[in-house]
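Protein sequence lines, in the order shown, are assigned to chains A and B. For what it's worth, the working numbering labels the leading residue of the first sequence as 1, then goes sequentially. For what it's worth, the working numbering labels the leading residue of the second sequence as 1001, then goes sequentially. For reference, the structure is listed below as structure tokens.
Protein chains: 2
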Amino acid sequence: MPEASSPTRKRIVDAATKLFYAEGIGRVSVDAIAEKAGLTKRTLYYHFKSKDDLIAAYLDGRDQPNLKQMAGWFDAAEGGADRKVEAIFTNLARVARHPKWKGCGFLRTAAELASMPGHPAVMAGSRHKTNFEKWLAAELSARGVTAPHMLAREIVLLMDGAFSSMLIHHNPDYIGAAGHAAATLVRARTSGSQV
Amino acid sequence: MPEASSPTRKRIVDAATKLFYAEGIGRVSVDAIAEKAGLTKRTLYYHFKSKDDLIAAYLDGRDQPNLKQMAGWFDAAEGGADRKVEAIFTNLARVARHPKWKGCGFLRTAAELASMPGHPAVMAGSRHKTNFEKWLAAELSARGVTAPHMLAREIVLLMDGAFSSMLIHHNPDYIGAAGHAAATLVRARTSGSQV
DNA sequence: CCAAGTATACCGACTAGTGAATATACAAGC
DNA sequence: GCTTGTATATTCACTAGTCGGTATACTTGG
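This is the structure we're talking about:
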């Protein structure tokens, strides 16, 4: 039985992460991942029982790093909750200009696996999005915003919309518009002010 | 040279539409499309020069029907612009409960082809989303809403977010939340009222 | 006779996954 | 201090099937 946290396993997940994100799940072969990781396909299948398992491991491994990235942008921004929320979108628009940016890996995987609703990778994506929404609601709540859970969900919807629009139009203006709308929604629910 | 609008061509596009939407681009073989259309692969390749061309034809063919669907829901709804906008989301949440619903074909295709930014199918998707945004801005403008273009874009972002969230969570509540937020944004920009 | 359209049959490349053997390391028996 | 046993980890070679695309030949209507 393979070790749960072996360095080899990590090498495989790292290689899979790069390839799956860059090319998409269906366009990456197990052979290509094995080659990128510097080992044979048989070894890969020693550590993962199927490609589907590896896809799920790829997204599970992105949960915490992605949350930390968002939280970092939020914490670093000056100003109130509205500014901090908008900062996430501003940073998103910045990184989305990079040619290697290919949208949100969680959403893209869910789109590609739409015909397999119970797929472990889709569920990993669902967990990640829920984690983000909960984190955001807690941050908003701590800043005295009214109806923080509803607001967090609206911001998540705008963010996922921004990911999708950017992917189809390749125009960062959509992310800017989403950030502006999100900041407006936050201000509308900040005590002492109204839109 | 094949006829631009032959019945055979239509049969191929119809078969491709059903399969591509149900399974995703990468999971459908040209053989499967030919079989579903009741002809051989060689005939398919007489009418389309490549699979990529057929993918683009699939999305081009969905542009007008999708717009008509949205416009139909909008027109049929009673009340002001806010109600009409929310009606689109309400209807979307209803059809999204059907087991055959697999999200927005334009967004899913863009996600699957993220590594090929200039792909004709992605561009067809971009055109469709732009058409929808323009139609919505015109409807909002005709009803005296202020800043109709910005508002239309925000609603489109919420809608694309709703498509994505529904696909990853399989929970129509997200579409409801998006519809509620969209209606609120419309009311905030309707003369004589404020959020 | 000719051209449009369709069919059969095939190509080379690639696909996920596996069988059987082997290398490595470490523990137990003596 | 050996040797034997066992679990982990890795490799090569392979299967059975699918992929997008095509060479060639046939049919049919004008």
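Using N, Cα and C, we set each Cβ at its ideal position, and we do this for glycine too. These figures come from a predicted structure and were not determined experimentally.
First and last residue of the alpha helix (DSSP H) that includes A/M196? The question about residue 196 of chain A has no answer, for chain A in this structure spans 1 to 195.
Which of helix, strand or coil DSSP assigns to B/L1039: Translated into the one-based positions of the second sequence, residue 1039 of chain B becomes position 39. When secondary structure is reduced to three states using DSSP, B/L1039 falls in the coil class, being assigned neither helix nor strand.
Using a Cβ-Cβ cut-off of less than 7 Å, give me the residues of the stretch 1095-1106 of chain B that come near chain A, in sequence order. Within the stretch 1095-1106 of chain B, the qualifying residues are K1102, G1103, F1106.
I'd like to check one pair, B/V1085 with B/L1136: are the Cβ atoms closer than 9 Å? Within the second sequence, the letter at position 136 stands for residue 1136 of chain B. Within the second sequence, the letter at position 85 stands for residue 1085 of chain B. In contact: B/L1136 and B/V1085 (Cβ atoms closer than 9 Å).
Where the stretch 6-34 of chain A meets chain B: residues whose CB sits under 7 Å from a CB there: Only A22, E23, G24, G26, R27 from the stretch 6-34 of chain A bring a Cβ to less than 7 Å from some Cβ of chain B.
DSSP three-state call for B/V1195: helix, strand or coil? Along the second sequence, one-based indexing puts residue 1195 of chain B at 195. Only weak support exists for where B/V1195 lies, its pLDDT of 48 falling under 50; the value from the coordinates is given anyway. Residue state, collapsed to three classes: coil.
Which two residues bound the contiguous alpha helix (DSSP H) that contains B/E1086? Walking along the second sequence from the start, residue 1086 of chain B turns up at place 86. Under the DSSP assignment, B/E1086 falls in the alpha helix (DSSP H) whose first and last residues are 1081-1096.
With 16 other Cβ atoms within 10 Å as the buried cut-off, status of B/H1119: Here the question's residue 1119 of chain B lines up with position 119 in the second sequence. Burial check for B/H1119: the Cβ neighbour count within 10 Å reaches 16 or more, so the residue is buried.
How do the stretch 1003-1014 of chain B and the stretch 121-139 of chain A stand: do at least 3 beta-carbon pairs fall below 8 Å, yes or no? Taking 8 Å as the limit for Cβ pairs, the verdict is that the stretch 121-139 of chain A does not touch the stretch 1003-1014 of chain B.
Does the Cβ of A/P117 have 16 or more other Cβ atoms within 10 Å, making it buried, or fewer, making it exposed? The count along the first sequence starts at 1 and reaches residue 117 of chain A at position 117. Exposed, by the Cβ-count rule.
Using the rule of at least 16 other Cβ atoms within 10 Å of the residue's Cβ for burial, across every protein chain shown, is A/H47 buried or exposed? Here residue 47 of chain A corresponds to residue number 47 of the first sequence, with the count starting at 1. A/H47 is buried by the Cβ-count criterion.
Give the list of continuous beta strand (DSSP E) stretches no shorter than 3 residues that lie fully inside the stretch 1005-1054 of chain B. Taking only runs of at least 3 residues, no beta strand (DSSP E) segment lies wholly in the stretch 1005-1054 of chain B.
What's the call for A/E139, buried or exposed, on a 16-neighbour Cβ count within 10 Å? For the purposes of this step, residue 139 of chain A is identified with residue 139 of the first sequence, where counting begins at 1. Note on A/E139: 16 or more other CB atoms within 10 angstroms of its CB, so buried under the neighbour-count rule.
Just to confirm my understanding: we take B/H1149, look at its own chain, exclude 5 residues before and 5 after, and list those with CB closer than 7 Å. What are they? Numbered from 1 along the second sequence, position 149 holds the residue referred to as residue 1149 of chain B. Short of 7 Å from the beta carbon of B/H1149, and not among the five residues preceding or following it, lie these beta carbons of its own chain, in chain order: A1137.
Helix or strand or just coil, what does DSSP make of B/A1147? What you label residue 1147 of chain B is simply residue 147 of the second sequence in a count that begins at 1. If DSSP states are grouped into helix, strand and coil, B/A1147 belongs with coil.
Write down the C-beta distance between A/V186 and A/D75 rounded to the nearest angstrom, noting that I regard them as a contact closer than 8 Å. Your numbering for residue 186 of chain A matches position 186 in the first sequence. Your numbering for residue 75 of chain A matches position 75 in the first sequence. For A/V186 against A/D75, the beta-carbon gap comes to about 16 Å, at or over 8 Å, which does not count as contact.
Three-state secondary structure (DSSP) of B/H1170: On the second sequence, residue 1170 of chain B is found 170 positions in, with the first residue counted as 1. Three-state DSSP puts B/H1170 in coil, outside helix and strand.
Excluding sequence positions up to five away, which residues of its chain have a Cβ less than 8 Å from the Cβ of A/L67? If you number the first sequence from 1, residue 67 of chain A lands on position 67. In chain order, H128, N131, F132, W135 place their CB closer than 8 Å to the CB of A/L67, counting only its own chain and leaving out the 5 sequence neighbours on each side.
Quick one: Cα of A/G80 to Cα of A/A152, how far? For the purposes of this step, residue 80 of chain A is identified with residue 80 of the first sequence, where counting begins at 1. For the purposes of this step, residue 152 of chain A is identified with residue 152 of the first sequence, where counting begins at 1. CA-CA distance, A/G80 to A/A152, rounds to 15 Å.
Cβ neighbour criterion (16 or more within 10 Å) applied to A/N91: By 1-based counting over the first sequence, the position of residue 91 of chain A is 91. Under this definition A/N91 is a buried residue.
With 7 Å as the C-beta to C-beta threshold (strictly closer), list the residues of the stretch 1104-1127 of chain B near chain A in chain order. The residues in question are F1106, L1107, R1108, A1110, A1111, E1112, A1114, S1115, P1117, V1122, G1125, S1126.
Nearest to B/S1141 (by Cα), restricted to the options B/R1189, B/G1024, B/E1078: Sequence index remark: in the second sequence, residue 1141 of chain B carries index 141 (1-based). The residue with the shortest Cα to Cα distance from B/S1141 is B/R1189.
Rounded separation between B/A1096 and B/G1103 - CA only: Looking up residue 1096 of chain B in the second sequence gives position 96. Looking up residue 1103 of chain B in the second sequence gives position 103. Cα atoms of B/A1096 and B/G1103: separation of roughly 7 Å, rounded to the nearest angstrom.
Is B/Q1064 helix, strand or coil when you go by DSSP? Taking the second sequence and counting its residues from 1, one reaches residue 1064 of chain B at position 64. Shown here, B/Q1064 sits in a helix according to DSSP, grouped into three states.
Within a Cβ cutoff of 7 Å, which residues of the same chain sit near A/F161, ignoring the five residues on either side of it in sequence? Position 161 of the first sequence holds residue 161 of chain A. Just to set this straight, residue 161 of chain A is Gly in the shown sequence, not Phe. Within the same chain, Cβ atoms closer than 7 Å to the Cβ of A/G161 are found at A178, the five residues on either side in sequence being excluded.
If we cut at 9 Å on Cβ distances, does A/R62 have a partner in chain B? The residue given as residue 62 of chain A occupies position 62 in the first sequence. Not closer than 9 Å to any Cβ of chain B, the Cβ of A/R62 fails to qualify, so no.
Is the Cβ of B/K1129 closer than 9 Å to any Cβ of chain A? Within the second sequence, the letter at position 129 stands for residue 1129 of chain B. Taking Cβ atoms only, chain A reaches closer than 9 Å to B/K1129, which makes this a yes.
Could you tell me the distance, in whole angstroms, from the CA atom of B/V1195 to the CA atom of B/T1184? Here residue 1195 of chain B is taken as the residue at index 195 of the second sequence, counted from 1. Here residue 1184 of chain B is taken as the residue at index 184 of the second sequence, counted from 1. With a pLDDT of 48 at B/V1195, under the threshold of 50, the predicted position of this residue should be treated as unreliable, and no value is reported.
Within its chain, find whatever has a CB closer than 8 Å to the CB of A/A87; leave out the 5 residues flanking it on each side and keep chain order. The residue given as residue 87 of chain A occupies position 87 in the first sequence. Excluding sequence neighbours, A/A87 sits near W73, F74, A76, A77.
Going by other Cβ atoms of all chains shown within 10 Å of its Cβ, with 16 needed for buried, is B/R1094 buried or exposed? Translated into positions along the second sequence, residue 1094 of chain B becomes position 94. Burial call: exposed.
Proximal residues, the stretch 1047-1061 of chain B versus chain A, C-beta separation under 9 Å: The residues in question: there are none.
So, are the CB atoms of A/A121 and A/Y58 less than 9 Å apart? The residue given as residue 121 of chain A occupies position 121 in the first sequence. The residue given as residue 58 of chain A occupies position 58 in the first sequence. Against a cut-off of 9 Å, the Cβ pair of A/Y58 and A/A121 comes out as a contact.
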